[in-house]
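Peer 1: Going by my numbering, the sequence shown opens with residue 3, and the numbers climb by one from there. For each residue, glycine too, the CB sits at the ideal point set by N, CA and C. Just so it is clear, the structure is predicted and the values come from calculations on it, not from any experiment.
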Amino acid sequence: MSDSPSKVPSPLPGPKGDPSGAPVGRRVLLGMLGLGALGVAAGGPIQDVVAKGVDTVAKNDPTGLSDLLPGNRFRYYTVTSNTPEMDETTYRLRVEGMVDREKTYRLSDLAALPQTRLVQDVQCVTGWRVPKTPFAGVRLSALLDAAGVSPEAKAIRFRCFDGAYTESLTLEQARRPDVLVATSMEDKPVTHAHGGPVRLYVAPMYFYKSAKWLSGITVTDEVVPGYWEERGYDVDAWVGRSNGRTDAPTV
Ligand SMILES: Nc1nc2c(c(=O)[nH]1)N[C@H]1C(S)=C(S)[C@@H](COP(=O)(O)O)O[C@H]1N2
Ligand SMILES: [Mo]
Numbered sequence: 003m004s005d006s007p008s009k010v011p012s013p014l015p016g017p018k019g020d021p022s023g024a025p026v027g028r029r030v031l032l033g034m035l036g037l038g039a040l041g042v043a044a045g046g047p048i049q050d051v052v053a054k055g056v057d058t059v060a061k062n063d064p065t066g067l068s069d070l071l072p073g074n075r076f077r078y079y080t081v082t083s084n085t086p087e088m089d090e091t092t093y094r095l096r097v098e099g100m101v102d103r104e105k106t107y108r109l110s111d112l113a114a115l116p117q118t119r120l121v122q123d124v125q126c127v128t129g130w131r132v133p134k135t136p137f138a139g140v141r142l143s144a145l146l147d148a149a150g151v152s153p154e155a156k157a158i159r160f161r162c163f164d165g166a167y168t169e170s171l172t173l174e175q176a177r178r179p180d181v182l183v184a185t186s187m188e189d190k191p192v193t194h195a196h197g198g199p200v201r202l203y204v205a206p207m208y209f210y211k212s213a214k215w216l217s218g219i220t221v222t223d224e225v226v227p228g229y230w231e232e233r234g235y236d237v238d239a240w241v242g243r244s245n246g247r248t249d250a251p252t253v
């Protein structure tokens, strides 16, 4: 069962709580656990401490830092305790809302569409960055065009099969050529941990916009703030131009 998001206490005082503009909760907690210097610590002699710290974080940090593998460049985030696994036979992506033609895609349908590959840095809002990460898949704009978006539509709401996470984009943002419905990450199928088989990839924005385990794309007439956006992060999450950190260490 998924944790209900309403039961998760809000970890973030929001930007107004910190004059530097950086979200506070997770950063302070990581600092207390000595995880701030993790880029240095991972793989080093204090691995055990780090592992214990991660365990503590996983239990006490509702921001959902669930796993952090030394040697792996990514940190894994989830706001739920478990998420079902989906594959070729079970996975479905629903496109609906203010469109002429609602449609349900299987993985094979997505694979049959024109593919786009992008290589840019991944940047998490809490200050870690993974340089030059390839993502590939179908442009979100292609799925919107296929659906025929209503002229009154203004925004997109994304749903995830973890049952809890949501995200949002304006229609204009969603139509950018660097926004993908991604089926590949680091030139391999997106793994379950990274939100596979299909995740959103919003290249110009902080990584929280890139919803994992994507299951629904609803065209709406207004932006509905997503999971982290209800908890203090900017809806317009442009890297370097919103309330995330820009002084990110590389991990
Ligand atoms: N469904 C879902 N998508 C999500 C999240 C999440 O908790 N659940 N976390 C977001 C955040 S804050 C980040 S940094 C990235 C992490 O992606 P990764 O686990 O592949 O590193 O996923 C984003 N998408
Ligand atoms: Mo993040």
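Any idea what DSSP makes of residue 236, helix, strand or coil?
Peer 2: On the sequence shown, position 234 is the one that residue 236 refers to. Reduced to three states, the DSSP call for residue 236 is coil.
Peer 1: Let me know the secondary structure DSSP gives residue 117 once reduced to three states.
Peer 2: As a working note, residue 117 is residue 115 in the sequence shown. Note: residue 117 maps to coil in three-state DSSP.
Peer 1: Within the same chain, show all residues whose beta-carbon is closer than 8 Å to that of residue 227, passing over the 5 residues directly before and after it, in chain order.
Peer 2: For the purposes of this step, residue 227 is taken as the residue at position 225 of the sequence shown. Same-chain partners within the cutoff: 170 and 237.
Peer 1: So, helix, strand or coil for residue 152, using DSSP?
Peer 2: On the sequence shown, residue 152 is found 150 positions in, with the first residue counted as 1. It is coil, neither helix nor strand.
Peer 1: Would residue 245 be called buried (16 or more neighbouring beta carbons within 10 Å of its own) or exposed?
Peer 2: For the purposes of this step, residue 245 is taken as residue 243 along the sequence shown, with counting starting at 1. Burial call: buried.
Peer 1: What three-state label does DSSP hand residue 160 in the structure shown?
Peer 2: To locate residue 160, count along the sequence shown from 1; it is residue 158. DSSP places residue 160 in strand when its eight states are reduced to three.
Peer 1: Is it buried or exposed for residue 92, if we count other Cβ within 10 angstroms and need 16 for buried?
Peer 2: Position 90 of the sequence shown, counted from the first residue, corresponds to residue 92. Residue 92 is exposed by the Cβ-count criterion.
Peer 1: With DSSP as the reference, label residue 188 as helix, strand or coil.
Peer 2: On the sequence shown, position 186 is the one that residue 188 refers to. Residue state, collapsed to three classes: coil.
Peer 1: Express the C-alpha separation of residue 126 and residue 206 in angstroms, rounding to a whole number.
Peer 2: The sequence position of residue 206 within the sequence shown is 204, counting from 1. The sequence position of residue 126 within the sequence shown is 124, counting from 1. Across the structure, residue 206 and residue 126 are spaced so that their CA atoms are roughly 12 Å apart.
Peer 1: Taking only runs of the alpha helix (DSSP H) that begin and end inside the stretch 191 to 238, which ones reach a length of at least 4 residues, in chain order?
Peer 2: none
Peer 1: Note down, in chain order, each residue of its chain lying with its Cβ closer than 8 Å to the Cβ of residue 139, except the 5 sequence neighbours on either side.
Peer 2: The residue you call residue 139 lines up with position 137 of the sequence shown. 112, 117, 118, 182, 183, 184, 185, 186, 200 and 203.
Peer 1: Among the candidates 231, 174 and 108, whose CA atom is the shortest distance from the CA of residue 147?
Peer 2: Here residue 147 refers to the residue found at position 145 when the sequence shown is read from its first residue. Distances from the alpha-carbon of residue 147 to those of 231, 174 and 108 put 174 closest.
Peer 1: Identify whether residue 166 lies in helix, strand or coil by the three-state DSSP scheme.
Peer 2: As a position in the sequence shown, residue 166 is number 164, starting the count at 1. Here residue 166 sits in coil by DSSP.
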